[in-house]
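>
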Amino acid sequence: MRGEDTGVVMLNWIWIGLMVIALVVGAVNGRLEAVTKAAFDGATTAVDIALGLVGVMALWLGVMKVAERGGLVELLARAIRPLARRLFPGVPADHPALGAMVMNLAASWLGLGNAATPLGLKAMAELDTLNAHPGTASDAMVTFLALNSSCITLVPATIIGVRVALGSTSPTAILGPTILASATATAVAATAARLLARLPVFRLPARPAGPEAGS
Amino acid sequence: MTALQAVSTWAIPVLLLLVVGVGAVRRVKVYESFVEGAKEGFETAVRIIPFLVAILVAISMLRASGALDLAVRALSPLTDAIGLPAEVLPVALLRPLSGSGTLGLVSELSKTHGPDSFIGLLAATMYGSTETTFYVLAVYFGAVGVVRTRHAVAAGLIGDLTGLGAALLVCRWLFV
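Residue numbers (the working numbering), protein chains in the order written: chain S, 218 to 432; chain L, 12 to 187.
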């Protein structure tokens, strides 16, 4: 909850700040007319880009529906299962939490956001049944969310669509760099989650659940 | 370097072949499924319009007022030290907070500087290099009522920083 509030509240103030700065600086520089015109141009450009996205999004969502029906998510989930077992030592190999987590990760990596979220929520619910301290994040939960919040991106379809809409000569030039950067982020985030769990500030309270445990 | 460029060139064709191939072998109604999925394309694109308008209007106004130039000039000495164009700094700062906001920034930079400029390429790579950490934590922890999040924010932000830093390094190596 808190995180969402932080994000939305900050964005609210950032946006207000941007508007006010633009208007004040524009007035001081005597460029208010240009600022007004820029507002209209910006709005028009936004719609041009979004509509330019339609083709690429339709293509990609079509392909991904075929992937879903063909069981590609299950295939990838099976491939990453051995790795997941090592990352989550606290989760028994036959527990439904592990199945839900690998399915969620496979769907996220393939860019199937709509399929990934329900699987992720199921995984969290399953992890909660293993949690000895309700209300406090378990090690497995933090590691799982670190994998999700740094998510490997195999095909950034939306951004490719934007590049197509803006007439890029090589819309997919960013694919290799994106895969490498996001995979590095995921590996480091998962490692950080495992290592930080050992720090005194983040250590779990001795059971049963105590009030302490940094947040 | 060439390996990474090969990934950029081959990732989509290989994935297309894999998807259609697996679909055919498993007797999926490939054409029907494709059309069904593609229907969502329009809706998805239209859904981001309000976010894009909000960001593009604000940034365009900022640019026209001259404030963006001032900020870039003020920040350049700092960002130049790590080889980051000052124009792209807002993308890195906004990425963990808002996915659609970042998409708006990246679109504006790609439009202004060109999608194939270093700034355009770097901004686009940064967008895909990590996820919206605060949103992910809010949704998933909120669902199971976790309030003491322990090291989740730290681990998430370390991941973001790594992704953004890796994007900068790879782009400088590949595109400069």
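Glycine included, C-beta positions come from ideal geometry on N, C-alpha and C.
What would DSSP say about S:THR353, mapped onto helix, strand or coil?
strand
> Taking just the CA atoms, how far does L:THR136 sit from S:LEU268?
Pairing S:LEU268 with L:THR136, the inter-Cα distance amounts to about 22 Å.
> Using the DSSP secondary-structure output, state which residues sit across from L:ARG159 in a beta bridge.
S:THR353
> For a minimum of 3 consecutive residues, which ranges assigned as the beta strand (DSSP E) are wholly contained in the region 305-352 of chain S?
none
> Does S:ALA378 come out as helix, strand or coil in the three-state DSSP assignment?
The amino acid at residue 378 of chain S is misidentified as Ala; the sequence shows Gly. Of the three classes helix, strand and coil, the one that applies to S:GLY378 here is helix, per DSSP.
> Count the other CB atoms within 10 Å of the CB of S:ALA363; is the residue buried (16 or more) or exposed (fewer)?
Burial check for S:ALA363: the Cβ neighbour count within 10 Å reaches 16 or more, so the residue is buried.
> For L:PRO126, decide whether its Cβ has a neighbour in chain S, counting only Cβ atoms nearer than 8 Å.
Taking Cβ atoms only, chain S reaches closer than 8 Å to L:PRO126, which makes this a yes.
> Is there a Cβ from chain L that is less than 8 Å from the Cβ of S:LEU246?
In the sequence on display, residue 246 of chain S carries Asn and not Leu. It does: the Cβ of S:ASN246 has a partner Cβ on chain L nearer than 8 Å.
> Compile a chain-ordered list of the residues in the region 347-359 of chain S whose CB is closer than 9 Å to at least one CB of chain L.
ASN348, HIS350, PRO351, GLY352, THR353, ALA354, SER355, ASP356, MET358 and VAL359
> On a Cα-Cα basis, can you pick out the residue from S:VAL242, S:ASN331 and S:LYS282 that is closest to L:GLY48?
S:LYS282
> To the nearest angstrom, how far is it from the Cα of S:VAL290 to the Cα of S:ASN331?
C-alpha separation (whole angstroms): 13 Å.
> Return the residue from the list L:CYS182, L:TRP184, L:HIS162 and L:PRO107 that minimises the CA-CA distance to S:ALA409.
L:HIS162
> Taking contact to mean at least 3 C-beta pairs separated by less than 8 Å, is the region 255-270 of chain S in contact with the region 108-125 of chain L?
Pairwise C-beta distances place the region 255-270 of chain S in contact with the region 108-125 of chain L, as three or more of them are shorter than 8 Å.
> Whole alpha helix (DSSP H) runs in the region 368-414 of chain S with 4 or more residues, listed along the chain?
374-382 and 392-413
> Can you pull the chain L neighbours of S:TRP232, defined as C-beta to C-beta under 7 Å?
ALA65 and ALA69, listed in chain order.
> Does the Cβ-Cβ distance between L:GLN174 and S:SER399 come in under 8 Å?
A quick correction: the sequence has Gly, not Gln, at residue 174 of chain L. It is a contact, given that the beta carbons lie within the stated cut-off.
> Can you tell me which of L:ALA69, L:ILE59 and L:PRO24 puts its alpha carbon nearest to the alpha carbon of S:TRP185?
Residue 185 of chain S lies beyond the range of chain S shown here (218 to 432); nothing can be said about it.
> Looking at the secondary structure, which residues open and close the alpha helix (DSSP H) in which S:ALA255 lies?
Where S:ALA255 is concerned, the enclosing alpha helix (DSSP H) stretches over 249-286.
> With respect to the alpha helix (DSSP H) encompassing L:GLU142, which residues constitute its N-terminal and C-terminal limits?
Where L:GLU142 is concerned, there is no enclosing alpha helix (DSSP H), given that its DSSP letter is neither H nor E.
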